[in-house]
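Report on one structure; see the data block that follows.
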Amino acid sequence: FLPPEDVLYSFAKVLIFAFILILIHCYYGYHASGGPAGVGVAVGRAVRTAIVTIALLDFFLSLAIWGTTTTVRVAG
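Residues 28 to 103 in our numbering are what the sequence shown spells out, letter by letter.
Here it is as structure tokens:
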């Protein structure tokens, strides 16, 4: 069964991810220049940055939240 605290941790992770995504996309959108071509470049940079950031943040948050239990093994 799924413990209720895991649902709360997952919801907290979603809120953190949403906040980080908003910050990344607003930053790149605000600093876009060069007309429509510049907006396209800014979108590409924002998406690439967001993918890498969320993947790393997900790994480290999951490790911080569930890494202290014996059911989650990173290696061995």
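We put the CB at the ideal spot given by N, CA and C, even for glycine.
Buried or exposed for residue i, going by 16 or more other Cβ atoms inside 10 Å?
i: residue 49; result: exposed
Does the distance from the CB of residue i to the CB of residue j come in under 8 Å?
i: residue 96; j: residue 51; result: no
i: residue 69; j: residue 59; result: yes
i: residue 73; j: residue 57; result: no
i: residue 36; j: residue 92; result: yes
Whose CA, out of the options, lies closest to the CA of residue i?
i: residue 47; options: 83, 33, 92; result: 83
i: residue 76; options: 65, 33, 64, 53; result: 53
Rounded to the nearest angstrom, how far is the Cβ of residue i from that of residue j, given a contact under 8 Å?
i: residue 90; j: residue 40; result: Between residue 40 and residue 90 the Cβ distance is about 12 Å, and since that is not below 8 Å, they are no contact.
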